[in-house]
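From first to last, the protein sequence lines stand for chains A and B. The opening residue of the first sequence carries number 1 in our numbering; numbering runs sequentially from there. The opening residue of the second sequence carries number 225 in our numbering; numbering runs sequentially from there. Ideal Cβ positions, reconstructed from N, Cα and C, are used throughout, including at glycine. Below is one structure, written out as structure tokens; the observations come after it.
Number of protein chains: 2
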Amino acid sequence: MSARNSPLPPPTRSATTPYKKGDETRVRILNAALAAFGNSGFAGVTTRQIAEDAGINLPALNYYFGNKEGLYLACAHEILARYHESMAVVGETALASLEGPPDPGGARAQLKLLLTALARFLLTSASDQNRLFVQRELADPGRAFEVLYAGLWRPGIELVAKLIIAASKEQLTTAQARVRAVMMIAGLTGFQSGAPIISRTMGKTASLTMVIEALEAQVDALAR
Amino acid sequence: MSARNSPLPPPTRSATTPYKKGDETRVRILNAALAAFGNSGFAGVTTRQIAEDAGINLPALNYYFGNKEGLYLACAHEILARYHESMAVVGETALASLEGPPDPGGARAQLKLLLTALARFLLTSASDQNRLFVQRELADPGRAFEVLYAGLWRPGIELVAKLIIAASKEQLTTAQARVRAVMMIAGLTGFQSGAPIISRTMGKTASLTMVIEALEAQVDALAR
DNA sequence: TGCATTTTCTATCACTTGATATAATTTTGC
DNA sequence: GCAAAATTATATCAAGTGATAGAAAATGCA
Numbered sequence: 001m002s003a004r005n006s007p008l009p010p011p012t013r014s015a016t017t018p019y020k021k022g023d024e025t026r027v028r029i030l031n032a033a034l035a036a037f038g039n040s041g042f043a044g045v046t047t048r049q050i051a052e053d054a055g056i057n058l059p060a061l062n063y064y065f066g067n068k069e070g071l072y073l074a075c076a077h078e079i080l081a082r083y084h085e086s087m088a089v090v091g092e093t094a095l096a097s098l099e100g101p102p103d104p105g106g107a108r109a110q111l112k113l114l115l116t117a118l119a120r121f122l123l124t125s126a127s128d129q130n131r132l133f134v135q136r137e138l139a140d141p142g143r144a145f146e147v148l149y150a151g152l153w154r155p156g157i158e159l160v161a162k163l164i165i166a167a168s169k170e171q172l173t174t175a176q177a178r179v180r181a182v183m184m185i186a187g188l189t190g191f192q193s194g195a196p197i198i199s200r201t202m203g204k205t206a207s208l209t210m211v212i213e214a215l216e217a218q219v220d221a222l223a224r
Numbered sequence: 225m226s227a228r229n230s231p232l233p234p235p236t237r238s239a240t241t242p243y244k245k246g247d248e249t250r251v252r253i254l255n256a257a258l259a260a261f262g263n264s265g266f267a268g269v270t271t272r273q274i275a276e277d278a279g280i281n282l283p284a285l286n287y288y289f290g291n292k293e294g295l296y297l298a299c300a301h302e303i304l305a306r307y308h309e310s311m312a313v314v315g316e317t318a319l320a321s322l323e324g325p326p327d328p329g330g331a332r333a334q335l336k337l338l339l340t341a342l343a344r345f346l347l348t349s350a351s352d353q354n355r356l357f358v359q360r361e362l363a364d365p366g367r368a369f370e371v372l373y374a375g376l377w378r379p380g381i382e383l384v385a386k387l388i389i390a391a392s393k394e395q396l397t398t399a400q401a402r403v404r405a406v407m408m409i410a411g412l413t414g415f416q417s418g419a420p421i422i423s424r425t426m427g428k429t430a431s432l433t434m435v436i437e438a439l440e441a442q443v444d445a446l447a448r
């Protein structure tokens, strides 16, 4: 079993291959890998299983992604791409609202929209691949954690913090706002990691509504 | 690689062995395994590594615990034993307070003590073995999740729910209180799973104080 | 001290795993 | 249609992995 964080993974093929057919194969492998890594973690999945799930033969995996770790990192980048696509509209609207005149109520509304979109991305069963992969990388931070941190967590926290400043009744410093933003994000990750407990206790998965209500209550508390 | 959740793990030796020397060996293996499984997960650790860490030879591991999975389950039971030992006093005090006359303020105080103790058990670096093992089992629920759920999560949630009912200004049903209890527990797991983000963003680990303050604020909110 | 039981040990096994070499097949553009 | 490049395939490798068999050593009690 190769080291998970070996010094340098070999270069992988570019994200777009010359042949259209190769592109499709690449996507197929990524989807299979996201599901497999999300379900069983890096060490818990064999390259053979991923190849079988993707309907390819084993060396194709090395051909496209270099090695197992290269495939794992490609999955992290894929999640980032999906995140950016998913959050593009909400993010831009939120940024735009920050450039206008101060409007605490508007900022709170934007914050709710942003947190809702984030919750949707991270918690809904329609995005199990995203959800499980991200959760696992949090539980066992490796090289992909830095990818996700730089592209997902940190930008998200910074934007939430800015909105918190704009939405708050009291005057907050950047550091204070960041603490609050981190707490809200921890609330999200709590629902993620607490999902087995919630499911077992409540007899069902925490509904997105329940999560959003909890987050919105925190946002409303900024006005008090 | 053997299936993680094979139909039936072989029987393991009883928790106390006839020879005192065997007892010591058993504990040594358990400690090494807890650390290894906590750090790298079930699939990420070899029986050879655990054996080396414990200072035993490999077949001794099979001798005491049957196989790798048996060892893993024994670790879950060890966590439970530590949990019960850790929470014994706080738990009994809390239960005793529930049998006296209604006293919302006292119930809130007990609830804070209980949550603090729980946070201490699950989050402090002094208990990294506990913390990491529990966190991983949440991220990848297997057979050990049931052990932990039955012995740790559910009793904890039930007791917290009872205290919430006693502590609340408004009259709550059992179901409503349970939802709130689950939310508080999710708050705890959020700090667990969000630790890499917090650490990276704040430049330090979320202090126990910070966590306890957040939980106590939620308890105080029960009086409003 | 002797003996039965428990524990530890060496050697070994069958299988698994990530990966590679080389050849065959497919795709693409001119 | 053809040639070059890309992609897919079969066969194989070296190392690792969980586990076992049987023997040797250690333990504890009468």
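### Query
Does Ala341 of chain B have its Cβ less than 7 angstroms from a Cβ in chain A?
Counting from one through the second sequence, the residue named residue 341 of chain B turns up at place 117. No, because no Cβ of chain A sits closer than 7 angstroms to the Cβ of Ala341 of chain B.
#### Entry: Cβ pair Leu322 of chain B, Lys386 of chain B closer than 7 angstroms
The residue you call residue 322 of chain B lines up with position 98 of the second sequence. The residue you call residue 386 of chain B lines up with position 162 of the second sequence. Yes. Within cutoff.
### Reduced DSSP secondary structure (H/G/I, E/B, other) of Ile274 of chain B
For the purposes of this step, residue 274 of chain B is identified with residue 50 of the second sequence, where counting begins at 1. Three-state DSSP puts Ile274 of chain B in a helix.
### Query
At a cut of 8 angstroms, does the segment 347-365 of chain B reach the segment 416-433 of chain B through at least three beta carbon pairs?
yes
### Message
Using a 10 Å radius around the Cβ and a threshold of 16 neighbouring Cβ atoms, would you call Ala3 of chain A buried or exposed?
### Response
Your numbering for residue 3 of chain A matches position 3 in the first sequence. Note that Ala3 of chain A scores 40 on pLDDT, short of 50, meaning its location in the model is unreliable; the coordinates nonetheless yield the value given after this. Ala3 of chain A is exposed by the Cβ-count criterion.
### Task
Return yes when the Cβ of Val45 of chain A is within less than 7 angstroms of the Cβ of Ala36 of chain A, no when it is not.
As a first step, residue 36 of chain A is located in the first sequence; it is residue number 36 there, counting from the start. As a first step, residue 45 of chain A is located in the first sequence; it is residue number 45 there, counting from the start. A contact, by the Cβ cut-off of 7 angstroms.
### Query
Exposed or buried, what is Ser199 of chain A when buried is set at 16 or more other beta-carbons lying within 10 Å of its beta-carbon?
For the purposes of this step, residue 199 of chain A is identified with residue 199 of the first sequence, where counting begins at 1. Of the other Cβ atoms in all chains shown, fewer than 16 fall within 10 Å of the Cβ of Ser199 of chain A; this residue is therefore exposed.
### Message
Do Gly38 of chain A and Gly414 of chain B count as a contact pair if the criterion is CB distance below 7 angstroms?
### Response
Residue numbering aside, residue 414 of chain B sits at position 190 when the second sequence is read from its first letter. Residue numbering aside, residue 38 of chain A sits at position 38 when the first sequence is read from its first letter. Not in contact: Gly414 of chain B and Gly38 of chain A (Cβ atoms no closer than 7 angstroms).
### Query
Are three or more beta carbon pairs between the segment 359-369 of chain B and the segment 135-142 of chain A nearer than 8 angstroms?
yes
### Closest residue to Val406 of chain B among B:Pro420, B:Leu304, B:Gln442, B:Gly427 (Cα-Cα distance)
As a working mapping, residue 406 of chain B is identified with position 182 in the second sequence. Closest by C-alpha distance to Val406 of chain B, out of B:Pro420, B:Leu304, B:Gln442, B:Gly427, is B:Gln442.
### Message
Taking the alpha-carbon of Pro101 of chain A as reference, which of A:Ala166, A:Arg28, A:Glu146 has the nearest alpha-carbon?
### Response
Taking the first residue of the first sequence as position 1, residue 101 of chain A is located at position 101. The shortest C-alpha separation from Pro101 of chain A is found at A:Ala166.
### Query
For Arg306 of chain B, which residues from the same chain have a beta carbon less than 7 angstroms from its beta carbon, with the 5 sequence-adjacent residues on both sides left out?
Within the second sequence, numbered from 1, the residue matching residue 306 of chain B stands at position 82. Cβ neighbours of Arg306 of chain B beyond the five flanking positions: Asn354.
### Task
For the alpha helix (DSSP H) containing Asn62 of chain A, list its first residue and its last residue.
Translated into positions along the first sequence, residue 62 of chain A becomes position 62. Here the alpha helix (DSSP H) through Asn62 of chain A covers 58-65.
#### Entry: Gly132 of chain A - containing alpha helix (DSSP H), residue span
Reading the first sequence from its first residue, position 132 is the one you call residue 132 of chain A. According to the sequence provided, residue 132 of chain A is Leu. The question's Gly does not apply to it. Its alpha helix (DSSP H) spans residues 128-139.
### Task
Would you tell me roughly how many angstroms separate the C-alpha atoms of Tyr287 of chain B and Ala343 of chain B, rounded to the nearest one?
As a working note, residue 287 of chain B is residue 63 in the second sequence. As a working note, residue 343 of chain B is residue 119 in the second sequence. A direct Cα-Cα distance of roughly 36 angstroms separates Tyr287 of chain B from Ala343 of chain B.
### Task
Check whether the Cβ atoms of Met311 of chain B and Ala331 of chain B lie closer than 7 angstroms to each other.
The residue you call residue 311 of chain B lines up with position 87 of the second sequence. The residue you call residue 331 of chain B lines up with position 107 of the second sequence. No, the pair does not count as a contact, with Cβ atoms beyond the cut-off.
### Query
Do Phe73 of chain A and Ala144 of chain A have their C-beta atoms within less than 7 angstroms of each other?
Here residue 73 of chain A is taken as the residue at index 73 of the first sequence, counted from 1. Here residue 144 of chain A is taken as the residue at index 144 of the first sequence, counted from 1. The sequence given here has Leu at residue 73 of chain A, not Phe. Cβ distance < 7 angstroms, so Leu73 of chain A and Ala144 of chain A count as in contact.
### Query
Under 7 angstroms, do Gln359 of chain B and Gln395 of chain B count as touching if we go by C-beta distance?
Here residue 359 of chain B refers to the residue found at position 135 when the second sequence is read from its first residue. Here residue 395 of chain B refers to the residue found at position 171 when the second sequence is read from its first residue. No, Cβ-Cβ distance for Gln359 of chain B and Gln395 of chain B is not below 7 angstroms.
### Task
Spell out whether any CB of chain A is found under 7 angstroms from the CB atom of Leu282 of chain B.
Within the second sequence, the letter at position 58 stands for residue 282 of chain B. Chain A, which has no Cβ nearer than 7 angstroms to the Cβ of Leu282 of chain B, makes this no.
### Task
List the residues of chain B whose Cβ lies closer than 8 angstroms to the Cβ of Ser168 of chain A, in chain order.
In the first sequence, the residue the question calls residue 168 of chain A occupies position 168. Neighbours of Ser168 of chain A on chain B: none; closest Cβ ~16 angstroms, over 8 angstroms.
### Query
Which residues, in chain order, does the segment 406-421 of chain B contribute to contact with chain A at a C-beta distance below 9 angstroms?
Val406, Met407, Ile409, Ala410, Gly411, Leu412, Thr413, Gly414, Phe415, Gln416, Ser417, Gly418, Ala419, Pro420, Ile421
### Task
Could you tell me whether the Cβ of Ile157 of chain A comes closer than 7 angstroms to any Cβ of chain B?
For the purposes of this step, residue 157 of chain A is taken as the residue at position 157 of the first sequence. Answer yes: the Cβ-Cβ gap between Ile157 of chain A and chain B drops below 7 angstroms somewhere.
### Message
Give me, in chain order, the residues of the same chain whose beta-carbon lies closer than 7 angstroms to that of Gln110 of chain A; leave out the 5 immediate sequence neighbours on both sides.
### Response
Residue 110 of chain A sits at position 110 when you count from the first residue of the first sequence. Cβ within range, chain order: Thr93, Ala94, Ser97, Leu163.
### Own chain partners of Leu159 of chain A with C-beta closer than 8 angstroms, once the 5 adjacent residues on each side are dropped
Taking the first sequence and counting its residues from 1, one reaches residue 159 of chain A at position 159. The residues are Gly91, Ala94, Leu95, Leu114.
#### Entry: Within 7 angstroms, strictly: CB atoms of Thr292 of chain B and Thr271 of chain B
Residue numbering aside, residue 292 of chain B sits at position 68 when the second sequence is read from its first letter. Residue numbering aside, residue 271 of chain B sits at position 47 when the second sequence is read from its first letter. Correcting the residue type first, residue 292 of chain B is Lys in the shown sequence and not Thr. Contact flag set, yes.
### Task
On a CA-only basis, which of B:Ala300, B:Pro379, B:Lys393, B:Ile253 is nearest Pro283 of chain B? Give me that one, please.
Locating residue 283 of chain B in the second sequence gives position 59, counting from the first residue. Checked all of B:Ala300, B:Pro379, B:Lys393, B:Ile253; the closest Cα to Pro283 of chain B is B:Ile253.
### Task
Measure the C-alpha to C-alpha separation of Gly41 of chain A and Lys169 of chain A and round it to an integer number of angstroms.
Along the first sequence, read from residue 1 onward, the residue named residue 41 of chain A stands at position 41. Along the first sequence, read from residue 1 onward, the residue named residue 169 of chain A stands at position 169. Those two C-alpha atoms are separated by around 43 angstroms.
### Query
Can you give the Cα-Cα distance for Thr241 of chain B and Gln49 of chain A, rounded to whole angstroms?
The residue labelled residue 241 of chain B in the question sits at position 17 within the second sequence. The residue labelled residue 49 of chain A in the question sits at position 49 within the first sequence. Cα-Cα distance, rounded: 41 angstroms.
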